[in-house]
Amino acid sequence: MTATEPAHAAQAAEEALPNEEEAPIHILWINAGLSCDGDSVALTAATQPSIEEIVLGALPGLPKIAVHWPLIDYECGPMQGADTFIEWFYKADRGELEPFVLVIEGSIPNESIKREGYWCGFGNNPATGQPMTTSEWLDRLAPKALAVVAAGTCACYGGIHAMAGNPTGAMGVPDYLGWDWKSKAGLPIVCIPGCPTHPDNFSETLLYLLYQASGQAPMIPLDDQLRPRWLFEQTVHEGCDRGGYYEQGQFADEYGSPKCLVKLGCWGPVVKCNVPKRGWINGVGGCPNVGGICIGCTMPGFPDKFMPFMDKPLGANVSATASVTYGSIMRRLRGFTARKADQEPAWRSKGELKTGYRSSW
Amino acid sequence: MTTSADKLVEMSWDPITRIVGSLGIYTKIDWAAKKVVECHSTSSVFRGYSIFMKGKDPRDAHFITSRICGICGDNHATCSVYNQNMAYGVRPPHLGEWIINLGEAAEYMFDHNIFQENLVGVDYCEKMVGETNPGVLELANRTESPHADLHGYRYIGDIMRALNPLEGEFYREALQVSRWTREMFCLMEGRHVHPSTLYPGGVGTVATIQLFTDYLTRLMRYVEFMKRVVPLHDDLFDFFYQAMPGYEMVGYRRTLLGCWGSLNDPDHCDFSYRNMTDWGRRMFVTPGVVVDGKLVTTDLVDINLGIRILLGSSYYEDWEDQEMFVRNDPLGNPVDRRHPWNQHTIPRPAKRDFDNKYSWTMSPRWFDGKDYLALDTGGGPLARLWPTALAGLVNHDYVKSTGHSVLINLPKTMNKPEVTFEWKIPQWSNALERNRARTYFQAYAAASAMHFIEKALAEVRAGHTKTWESFKVPEEAISCGFTEAVRGVLSHHMVIRGGKIANYHPYPPTPWNGSVRDSYGTAGPYEDAVQNTPIFEENSQENFKGIDIMRAVRSFDPCLPCGVHMSVGNGKVLNKLHTPHAFNNEQIG
């Protein structure tokens, strides 16, 4: 990106060696897994913090960084001329870029199941002139990286491109590198699922890692599916503003209703995701909170375990039925209280003072 | 030819930055003549949607196909919903359609804005122009902006400075605009970029007064923003023609434009194939094919039946010997074996060989009865405005087609009076006009949204708040959906058998624009537009950035998740370059 400034500044700083300027942390972004680039696009939507705040050091203590991100990188020279974007990745491969964080976007296809060619590539392999596959980039760069970040459900767990019947054998980065894989700095793979990733979930995790990389934060707390705990430990349902309808046994029977969507296919009660709480962008939008069924897009079992999306989840049968019984009693009782609460106290009127105050005049 | 071959230099860009997805471009440049003489385009990613969708529940189609694209996924979801509406015979309540139109209009406003200012705009910023054409920058610094009073930048050089990445104020402002336009989008469709509230039969969005107030206040800010941006880009692009005579040939190709129409009018659209010709012509962006400046058709049925998917340079096996799913459309017209309804996707990964197969992109063409035309979309806006202007079918308070131009009326806003912009059919289909059309289309989308929100609010005020209609999935059906993705034509074709998806083939704009040499040898639009692009860059070979080539390619707004790489070469021995920056030039060629 971005980097334009920072990248150039960084480059200039390097070339001007020796220099007391701190060396930047490089962020190498490979968007050429089986992806849609939606996670790159999501990062441009982030506001807490925004990408320009991270890059320009707008938050206290942020280390200097240089981002090499295809989506908005200034650099775009030919391989045979000036300002070649891919050169940064070759530098990292040669061990000339220290330190760097590797971001992978998209699932990793199984390149060994076919006779020749490639399912996906990023730049060329200098030895063959053929596209360098994304898995080969992972083989080369992962051992040298400070951290490996999987951006979006595809990179985390395989996602939509790893659906049953897929021809490419797609999988997530942990499936490829191994779930116990650790970087040379001792970090597990950091997974930020979501299809696409929530903009701020991503930028905030990146921020955390930069603080950790510069010694200002302890090891990032991850759960057993390698997700940042503070973002993914609650369910959609726990943060959903339609949860009250569920409790009262009020379920939508058609889309467009403000009631609970569980009977229309919403998987919120079992899906780990903070979107209804956080909204999608600046608090606006989301899923069940604004009328969209939760299809479980942050989950390792996505998409297969949630399809067909528009059918009622099996598990919802018992709980929703129970809630209808319990909720109808609740609702009646609440009705009394609500009517009371919805009326002003009796003393607010013209004429005689009825508030209970005993006047001295 | 040996003498001229001596001067041929290979230059390749892989991956190209500031686009969506991974695209490489490999060219041969005649350095003495300052001209690109050959270009190949190739895509490096295969995911296989049409394969893994087989056998799935048809109602899952829009959730799945949204994931094709990370910047315009909602266009896919919308197209898929249209497609499903046809298959299930369901007509959503008007309000549901106005909500989709408002969401899609916001997508155009967001996506064109971020691409124009934060991605392609960088090709025209002070830093870039200074590094590639110092003389041009010097001229820009003393050329007064004709519309400085409207946008506030006195000199063209000031506009260029404002576009500098991150440090430029207009660059940063546009990045912010891209965020609150996405808020507008999320109000209507829930989530960007894969919507949560779209369904066949309508939307799940809860239609309250507040929903539309939240949208309208942001829309008016955008309307005011566009009153500055349209004259700003007119000044900037006009300057390039003036500063570099002949710049019209950069990215130039024959006018072969396709638009599948977008933004349905719920008063007319019943999603039936039988009435598609009529409701297609009622769309708020007119479908059409323009060849050499002439409007060939505005009929969606003609458009549908003319689509052909060719192979030739792609990593797939042919399907000549496979089953035909659809022999006749619902009107009885014959359907070709190479039509998406009858396509079979059979991948055959192979080495990249520019003399043979070199891309995961296929070659969609439009058959006019005589030729297999390699239509492009002009990055979307150019191909939308052109037929809309010629057809004279769009006419409401905010947009009027005149038969030769499009009038866009923007109402009074906080600090600016009412303004009417006129987009006129340009002389060329080239890089600068693709970019100029993008800016005008942003204004067009905002003006259209003014109309939609009035209609939507009228429904809500009348108490019509239903946004969704129920339906049943039939055992057997064939269906299609047409819309305009941000970067151009988008079609989805489906065949349902036994209540499951038997065949599903989406055709987004990039397979059209980024298509490769087909079985008849016809080059795809990127290849075609880059070939013959003159080089105006002043740098030597060692410092060459290829800015003119990048401007030609980026003008199409490439979106590669739908797949492309560009490359050179038919095996001729070329001069090798030796530069300190080349990571390894030996193996190329």
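From first to last, the protein sequence lines stand for chains A and B.
Positions 224 to 584 (the numbering used here) are the ones given, in order, by the first sequence.
Positions 619 to 1207 (the numbering used here) are the ones given, in order, by the second sequence.
We put the beta carbon where it would ideally sit given N, CA and C, even for glycine.
For D534/A, no beta strand (DSSP E) segment is defined, and its DSSP state is neither H nor E.
Close to L805/B, with beta-carbon spacing below 9 Å, are these residues of chain A in chain order: V507, G508, V513.
Chain order gives the chain B residues near E275/A as L784, R790, L793, where near means a beta carbon separation below 9 Å. In this structure, the CA atom of V513/A is about 26 Å from the CA atom of V841/B.
Burial check for Q439/A: the Cβ neighbour count within 10 Å stays below 16, so the residue is exposed. Assigned with DSSP and collapsed to three states, S977/B falls in strand.
Measuring C-alpha to C-alpha distances from H810/B to each of I415/A, V413/A, C414/A, P419/A identifies P419/A as the nearest. Using a CB distance below 9 Å, the part of the segment 811-827 of chain B facing chain A consists of V811, H812, P813, S814, T815, L816, Y817, P818, G819, G820, V821, G822, T823, V824, A825, T826, ordered along the chain. Under the three-pair Cβ rule at 8 Å, the segment 323-335 of chain A counts as touching the segment 255-269 of chain A. E339/A reaches chain B at P967, A968, K969, counting residues in chain order whose Cβ is nearer than 7 Å. Note on Q860/B: under 16 other CB atoms within 10 angstroms of its CB, so exposed under the neighbour-count rule. Remark: C-beta atoms of L854/B and I732/B do not approach each other more closely than 7 Å.
Within chain B, no residue has its CB atom less than 8 Å from the CB of V413/A, the nearest being about 20 Å off. Annotation for G930/B: S981, V1134, R1135, D1136, S1137, Y1138, G1139 place their beta carbon closer than 8 Å to its own, counting only its chain and skipping 5 residues before and after. Counting only runs that start and end inside the segment 977-1002 of chain B, the beta strand (DSSP E) elements of at least 3 residues fall at 981-985. Secondary structure note for E328/A: its beta strand (DSSP E) is the uninterrupted segment 323-328. When the five nearest sequence neighbours on each side are left out, the beta carbons in the same chain lying within less than 8 Å of the beta carbon of F803/B are those of D692, G721, A724, E725, F728, H810, in order along the chain. A direct Cα-to-Cα measurement between S1019/B and V909/B gives close to 19 Å. Per DSSP, the beta-bridge partners of I1096/B are V1113/B. Assignment of beta-bridge partners to N946/B by DSSP yields P952/B. Annotated three-state conformation of I732/B is helix, per DSSP. Under a 10 Å Cβ-count criterion, V541/A is classified as exposed, with fewer than 16 other Cβ atoms of the shown protein chains found around its own Cβ.
For F1059/B, no Cβ of chain A is located within less than 7 Å of the residue's own Cβ. Sorting W984/B, L850/B, F830/B, T963/B by C-alpha distance to the C-alpha of G876/B places W984/B at the top. R555/A counts as exposed, since fewer than 16 other C-beta atoms from the protein chains shown sit within 10 angstroms of its C-beta. Remark: C-beta atoms of Y1062/B and I1026/B approach each other more closely than 7 Å. Following the DSSP letters along the chain, one finds F670/B inside the alpha helix (DSSP H) bounded by residues 667-670. Taking all protein chains in view, the Cβ of I827/B is surrounded by fewer than 16 other Cβ atoms within 10 Å, so the residue is classified as exposed. If you look at C657/B, you'll find it isn't in any alpha helix (DSSP H); it sits in the beta strand (DSSP E) that goes 653-661.
Here L266/A is near F425/A, since their CB atoms are less than 7 Å apart.
Beta-carbon to beta-carbon, D423/A and R501/A are separated by about 7 Å, close enough to satisfy the 8 Å threshold.
Shown in chain order are the members of the segment 673-700 of chain B whose Cβ falls below 8 Å from a Cβ of chain A: G673, K674, D675, R677, D678, F681, I682, R685, I686, C687, G688, I689, G691. In the DSSP annotation of this structure, the continuous segment of the alpha helix (DSSP H) that includes P499/A starts and ends at 498-501. Interface annotation, R1056/B: not in contact with chain A, CB-CB separation never under 7 Å. For S630/B, the uninterrupted beta strand (DSSP E) run begins and ends at 626-631, by DSSP. A straight-line Cα-Cα distance of about 11 Å links N960/B and D939/B.
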